Amino acid sequence: MKYYLTCLLFGIFSTTAIAESYKVGDLIIDTPYARSTPPLAPVGGGFMTIINNGSEDDTLVSGEATFAEAFEIHEMSMKDGVMKMAELEDGLVIPAGETVELKPGSYHLMFITLAEQLKPKERRKVTLVFEKAGELEVEFVVRDILKMDHSNMKKGADAKAGTDHSEMKKHGGMNLDHSNMHKEEAK
Ligand SMILES: [Cu+2]
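Here the sequence shown is numbered in this note's numbering, starting from 1257 and rising by one per residue.
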């Protein structure tokens, strides 16, 4: 009975209470997670919070994911009412004393050409490379994309379907923007 109760509590609080963090130099990498992907999905998204406790700016310049061919750092932003995604080719600056959050709809990591599906609760190794702090291997915990949307939802049950749909559209949009991006690069 006691064991069952523990499992129940663990289930409820697993997304918020079990926060993992890693330290390299003056940086703290907090709660890295990836979104689960459908079978044969070409790309996956990675998120985390980076805290710079140092007195100098640092930059996330690159990285490597064992489960994907390419690792890119992206930014999503609204331009003329359209969500656009672009690679940050010079990396993502983590200003001294500040916290930068990689989250859906904002900065994120893109794992491109996935070698395998990312399934909920799996853990995937990713190497992050910072200009000053150097290299660090972290484990991204895969979160169920549907549960993520559920936990982010604050408007009640009626809004749920709508929320999930818009997330799905955003996903499609992300892939579209991707192909545009590469076309532009090719010009
Ligand atoms: Cu992206």
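Heads up, the beta-carbon is just placed ideally off N, CA and C, and yes, glycines get one too.
Remember, it's a predicted structure, so these values are computed and weren't measured experimentally.
With distances taken Cα to Cα, identify the nearest neighbour of residue i among the options.
i, options, result
"residue 1381", "1279, 1323, 1306", "1323"
"residue 1399", "1333, 1366, 1302", "1302"
"residue 1334", "1314, 1363, 1401, 1378", "1363"
"residue 1388", "1278, 1310, 1295", "1310"
"residue 1325", "1359, 1368, 1401, 1348", "1368"
"residue 1379", "1283, 1321, 1348, 1279", "1321"
"residue 1360", "1295, 1339, 1392", "1339"
"residue 1403", "1341, 1375, 1384", "1375"
"residue 1401", "1373, 1342, 1283, 1337", "1373"
Is the beta carbon of residue i less than 8 Å from the beta carbon of residue j?
i, j, result
"residue 1394", "residue 1307", "no"
"residue 1300", "residue 1390", "no"
"residue 1366", "residue 1328", "yes"
"residue 1293", "residue 1276", "no"
Measure the beta-carbon distance from residue i to residue j and round it to whole angstroms, keeping in mind my assumption that it falls under 8 Å.
i, j, result
"residue 1297", "residue 1370", "6 Å"
Taking the alpha-carbon positions, what's the residue i to residue j distance?
i, j, result
"residue 1346", "residue 1357", "17 Å"
"residue 1318", "residue 1386", "7 Å"
"residue 1315", "residue 1331", "14 Å"
"residue 1312", "residue 1396", "26 Å"
"residue 1350", "residue 1343", "16 Å"
"residue 1412", "residue 1341", "Reliability fails at residue 1412, whose pLDDT of 41 lies under 50, so the model's placement of it is uncertain and the value that follows must be treated cautiously. In a straight line, the C-alpha of residue 1412 is about 29 Å away from that of residue 1341."
"residue 1336", "residue 1355", "28 Å"
Along the chain, where does the beta strand (DSSP E) containing residue i start, and where does it finish?
i, result
"residue 1288", "1283 to 1291"
"residue 1314", "1314 to 1321"
"residue 1278", "1277 to 1280"
"residue 1308", "1299 to 1308"
"residue 1389", "Unbroken run through residue 1389: none, as it is neither H nor E."
"residue 1374", "Unbroken run through residue 1374: none, as it is neither H nor E."
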